[in-house]
Each structure stands twice: as C-alpha cells, then as structure tokens.
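Okay, so here's the structure we're looking at.
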Ligand code: CTP
C-alpha cells in the first residue's frame, strides 16, 4: 500500500483544496492529511485564519477524501509523521516548491500544480472589507499601520493627526489633512491614539458616526465618561475595544490560564512595575501626556484586575512629583487590599525601575522578567527549584497584529469575548478619576 501525506490550514475550504486532496490521494492508496493547529499557524505568521481547528478538520473530513486526519502542531513534525506512519510520498501545492526538498531523505516529495485563481487569503479578504484609519499622533500608530496590512480584509486609509509635527516622518504619507468628522466619513473603524485627554471626545464622535472604535487605554478619564462610551457603542451597534497590547500577547494569556488553573495555588499578591524615562525634549507633550498614571497605569493595572478582580476593599495611591513639575506625576505607587490578597502597582516616567511582574501564590510564584508587558517568557518557580517550569511564546509586533485580528473578527461577528472586560475598562477609568480628584491619594516631592 502506498501511503501519501499532505499538510495545510484548509481555512474556508475551497475547490483549490479539494483539487489538491484528490490529486494527492491519486498518488497512492492511503491519504493522511495534516491540518495545522491554531497556535502553530500563529507562530508561523498565519494570523488571519477564520475557522477553528475543529471546523477545519470537519471540513476536510466532509470531503471524504482523507483516510486519516492528523493535527500539525510543531516545526519539524513532518519528519516525525513520515517515520511514524511509514509514509511513501509527501505532497503539497507548487506554491511550496523547493521548501520541502529536505524531506527527500525520508520519502518521495511531489509538488502538485496549484489551482489558479483561488486561495483562503482571497476568500477572507472578500468576506468583509473594513476601511480602517487612525486618529492621533502617537509614534506607535506606525506599528498599527504595519499590523493592519497583515489582516486580510483590513484596508488602511490614513491617519488623522491631531498635532502638526509629532507624527514620525516615516509615515507622513499616510496623514490625511481633514478635521476628525470628515476623516471619519472615509472609514468603517478607527484606532484612536490621540492625547489621553482627547480620548472621550474622539471616541464619542466616532461612535456617534457609527464607526467601530479600537482605543488606547484609558478609554476615558472618569467612570461616567467610560460608561457613556459603552452606552454609545451599544446604541450605535458598534464595537468598542480597549487597546492594551499586553492583553493580546500569547505568553500573557497562557500565564493567566496557568494562574486560573491553580498552578501557583491561591494568589495572594500581584506586583507590577512599568517605567520609562522621557527624552529631554518634552515641548510637544501636554501635561496629560507626561503623566505616569495615564501612560503606564492601565497596563500595570491590567493583571491586577484580571487576576484579583476589581472588588478590592481599599486602595492607597502615592504620587511623586518633581519640584518644578506640579501637574505630572514622575512616579506613582498604588497599593490595593483585597479580602484575601494584596497588589502593588508602580509606574513612572521620571523614575526608572525593573519592569518585572511577580504573582505570588500559596504553592509557588510566577516571575515575568522586564519588560513584562511585552512578555515572551515567564517562569513558574517553586520551593524546590527542580519543579520550576519555563514558558516561551513568540510575540510579533508587540501583540498588535493579533489585537487587530481580534478587533476585525469582533466587528465581523460581534460574538468575540473581549480580552479586556467592560468592568475592567470602567475600573481603569475610575482609578484615573480618583487620582485626578485626590481620592485615596498622598502626594510627595521627590
Ligand atoms: N492549494 C492549491 N491550490 C490553491 C490553494 C491551495 O493547490 N488554489 C494547496 C496548497 O498548495 C496546499 C493545500 O492546498 O498544499 C493547503 O493550502 P492552504 O495553505 O491551506 O490554502 P491557501 O488557500 O493557499 O491558504 P492561504 O491563502 O491562507 O495561504
């Protein structure tokens, strides 16, 4: 019996796939089809896959062509599979010509002509075209432009900059010189990265114009404004997504799951630190943009609220100011007391510290080295260091690509579970409000 093996993602199964499977089967007597796992696709940069692994497997099964279906989970697995199943022929479409010649050492390799004029990429792009733009001046808008090019169906139309000179030169070509309301006419969805004190205004206009909104955190500077944005989004049937890149990082998400699965026992303490020093030229930045609490607070608060919840018993905030800068906190420390746990958040734009995260539990602790918010690596550490475990998950474009895919999918299906819950968005805005109103706040000179 001649055994043939082939691999693919088989997203939105189309006649190109079926042609390939039929011809692969015709090369022998028994066909094994390897369907790529979601994580493996993401690792190799296929971030857009629309259907889940189970749906894709079901589609391949329904063709009735495959004799056996397996899941491809890791780089190098093809060699293992060929040896394990005693495969005689490995085959894929001609778009891979040459790539798998190294398998000739193990079996025969055949590249079959690809069917012209059809691909999953094309089908995904045709499903729904989203004209996507940005409002604001933050330098990281460039990374969102880059990321949006990788999302099938997303078409980046331009940036409505709100300041004259701050946008990085490399992307000046994207700047659209129109007032915000006119700019909004050209988009279906918008990423807002304007100065934080303009967030509410810009998001309100966008939602009133029925545009979906992906917005840098905090969504607003008071609880009531934040709640109003969620009401506006609901009333206008729009998606409102809070953008904290860390929430979309694979390592961070896996870490949360391990915590929930009790790997470190009961969590008793969460400590996060996020700091960065601003370059000397601050002339273009408003007082709001210089505040440590606005800039780093949401990121540093995220794991505290995601792990311990928002129902803390008390909090105390200590904000440190330099003598000559009355309005902007150079360093802020927030301590939370929960019924059965504590948390500490340190943020700074005028003070530098180790940007690590430590989550302490009754059985062990999780250590995430600096910069934890761009985490690719973390460790679970136990009393007996032989039991320690290390985890590594690659992070592309700081999590932005996957954030954009999630946003796009949510707009398309409106069923996605947001990575950051509404309750947490409201609490983050609430902390900003309490800070500004001096609630639970002690100020010190540093
Ligand atoms: N294939 C083919 N003809 C096409 C599309 C795909 O022969 N028009 C083959 C590929 O060469 C591969 C298999 O089908 O051997 C599975 O390909 P997959 O990557 O899942 O499909 P694509 O449509 O190429 O997906 P994408 O656009 O995401 O790359």
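In our numbering, the protein residues as written are 1499 to 1944.
Even glycine gets a Cβ: it sits at the ideal position worked out from N, Cα and C.
{"query": "I need the DSSP call for residue 1886, collapsed to helix, strand or coil.", "result": "coil"}
{"query": "Please determine, among 1835, 1817, 1689, the residue with the shortest C-alpha to C-alpha distance to residue 1802.", "result": "1835"}
{"query": "Can you give me the Cβ contacts of residue 1897 inside the same chain, cut-off strictly under 7 Å, excluding the 5 residues immediately before and after it?", "result": "1743, 1744, 1746, 1747"}
{"query": "Run the CB neighbour count on residue 1804, radius 10 Å, all protein chains shown included, and call it buried at 16 or more, exposed below.", "result": "buried"}
{"query": "Suppose only complete runs of 3+ residues qualify. What are the beta strand (DSSP E) ranges in the stretch 1712-1754, listed by chain order?", "result": "1738-1741"}
{"query": "Would you kindly work out how many angstroms separate the C-alpha atoms of residue 1926 and residue 1511, rounded to a whole number?", "result": "42 Å"}
{"query": "Over what stretch of residues does the alpha helix (DSSP H) that includes residue 1907 continue unbroken?", "result": "1898-1911"}
{"query": "Spatial neighbours of residue 1831 within its chain, please: CB distance less than 6 Å, with the 5 preceding and 5 following residues excluded, ordered by chain position.", "result": "1816, 1844"}
{"query": "For ligand 1, any of its heavy atoms closer than 7 Å to the Cβ of residue 1593?", "result": "yes"}
{"query": "State the Cα-Cα distance for the pair residue 1690 and residue 1604, rounded to the nearest angstrom.", "result": "52 Å"}
{"query": "Taking a contact to mean a Cβ-Cβ separation below 8 Å, would you say residue 1514 touches residue 1613 in this structure?", "result": "yes"}
{"query": "Could you tell me the boundaries of the beta strand (DSSP E) in which residue 1651 lies?", "result": "From DSSP, residue 1651 is part of no beta strand (DSSP E); its letter is neither H nor E."}
{"query": "From residue 1740 to residue 1923, what does the alpha carbon distance come to, in whole angstroms?", "result": "7 Å"}
{"query": "Based on Cα-Cα distance, which residue from 1899, 1907, 1829 lies nearest to residue 1940?", "result": "1829"}
{"query": "With respect to the beta strand (DSSP E) encompassing residue 1772, which residues constitute its N-terminal and C-terminal limits?", "result": "1765-1773"}
{"query": "From the DSSP output, which residues share a beta bridge with residue 1818?", "result": "1829, 1942"}
{"query": "Quick one: residues in its chain with C-beta nearer than 7 Å to the C-beta of residue 1563, no 5 flanking neighbours on either side, listed in chain order?", "result": "1519, 1520, 1523, 1529"}
{"query": "Is residue 1518 close to ligand 1? I mean its beta-carbon at under 7 Å from any heavy atom of the ligand.", "result": "yes"}
{"query": "Looking at the strands, I want to know which residues DSSP matches up with residue 1842.", "result": "1769, 1833"}
{"query": "Quick one, which of 1499, 1534, 1569, 1921 has its alpha-carbon nearest residue 1808's?", "result": "1921"}
{"query": "Under 8 Å between the Cβ atoms of residue 1870 and residue 1859?", "result": "no"}
{"query": "By the 10 Å Cβ neighbour count, where 16 or more other Cβ atoms means buried, how is residue 1716 classified, buried or exposed?", "result": "buried"}
{"query": "Could you check where the alpha helix (DSSP H) with residue 1868 kicks off and where it finishes?", "result": "That residue, residue 1868, is in no alpha helix (DSSP H); it is neither H nor E in DSSP."}
{"query": "Residue 1643 to residue 1583, Cα distance in whole Å?", "result": "44 Å"}
{"query": "Let me know if residue 1624 comes out buried or exposed under the rule of 16 or more other beta-carbons within 10 Å of its beta-carbon.", "result": "exposed"}
{"query": "Is it true that the stretch 1883-1899 meets the stretch 1764-1777, where meeting means three or more beta-carbon pairs spaced less than 8 Å apart?", "result": "no"}
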